[in-house]
Each structure stands twice: as structure tokens, then as C-alpha cells.
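Note that full-length UniProt numbering numbers the sequence shown so that position 90 is 90, with each residue one more than the last.
Report on one structure; see the data block that follows.
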Amino acid sequence: MVAMTLRGAGHEVMMACDGLTALELAKQSWDLALADVNMPNMDGITLIRELRARPEGRFMPILMLTTETSVERKRAGREAGATGWVVKPFDPDQLVATIERVIGLAP
């Protein structure tokens with residue numbers, strides 16, 4: 001649903017089924033990454049730490065996309081380097097607006 005929503009808004013989307021694949025895809029230049037806290041092989045918090053340790057991910061905006069709402073998990077995401085947090089279920093228009101604001105396409 002996320003990919004379809006973003007493609008419908010005119011964005012190019014690359015998808016990874018797990019954190020390890022996401023690290024490989026991140027070797028390319030992207031405007032933003034969406035990471036779920038709960039992914040196979042590598043959770044989203046670890047993925048963010050790994051991305052932030054690499055030159056290609058140091059400054060890339062990374063939004064956490066998750067069902068988790070605990071203060072502790074949000075704090076862990078921020079400390080790892082997450083730019084923001086989107087809680088599922090989400091309104092598709094709100095997701096697009098958040099992404100476009102983060103990457104500078106919207107006011």
C-alpha cells in the first residue's frame with residue numbers, strides 16, 4: 001500500500017523485504033528512506049544506525065513507519081538517527097504530505 005500510494009503521487013519507489021536488502025539498496029542515492037521498526041533479518045532501529053554509519057546514509061532523511069507508539073521506541077528511533085515517525089495505520093495523503101515536507105517538495 002505504501003509503494004502504491006507513493007507511486008500514485010509521482011515518486012519513484014524501491015522496496016526492500018528486509019533490513020539487509022535495504023542496506024544494499026541504500027548504496028544508491030535516494031531522497032528518503034522509510035523503515036519499519038519490525039523487519040526480518042535486521043530491525044528498523046539497527047538499519048538506521050547502519051545507514052547513519054555509512055557516507056551514503058549519513059544525511060539521508062529516514063522516516064520510521066510502524067505500528068509501535070511507545071515513547072521508548074520513538075526515543076530509540078530518534079537516537080539512532082530517524083528524521084521522523086509515521087504511525088500505521090496512516091492516511092495516505094498525510095504520508096505523502098509528510099514525505100514531501102521532509103524532502104523539501106512541500107511547504
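We treat Cβ as the ideally placed atom computed from N, Cα and C, and that holds for glycine.
Since the model is a prediction, treat every value here as computed from it, not as a measurement.
Euclidean distance between Cα positions of residue i and residue j
i, j, result
"residue 19", "residue 84", "18 Å"
"residue 185", "residue 12", "Outside the modelled stretch of the chain, which goes from 1 to 107, sits residue 185, for which no answer is possible."
"residue 4", "residue 72", "30 Å"
"residue 114", "residue 102", "The shown model of the chain, from 1 to 107, leaves out residue 114, and the question about it has no answer."
"residue 98", "residue 10", "15 Å"
"residue 70", "residue 48", "18 Å"
"residue 55", "residue 96", "26 Å"
"residue 40", "residue 46", "11 Å"
Three-state class that DSSP yields for residue i in the structure shown
i, result
"residue 76", "helix"
"residue 45", "helix"
"residue 64", "strand"
Minimum C-alpha distance to residue i - residue among the options
i, options, result
"residue 35", "71, 88, 11", "88"
"residue 60", "75, 47, 32", "32"
Neighbourhood of residue i by C-beta, 7 Å cutoff - its chain only, sequence neighbours within 5 removed
i, result
"residue 50", "23"
Sequence-distant residues of the same chain with beta carbon closer than 6 Å to residue i, five excluded per side
i, result
"residue 105", "none"
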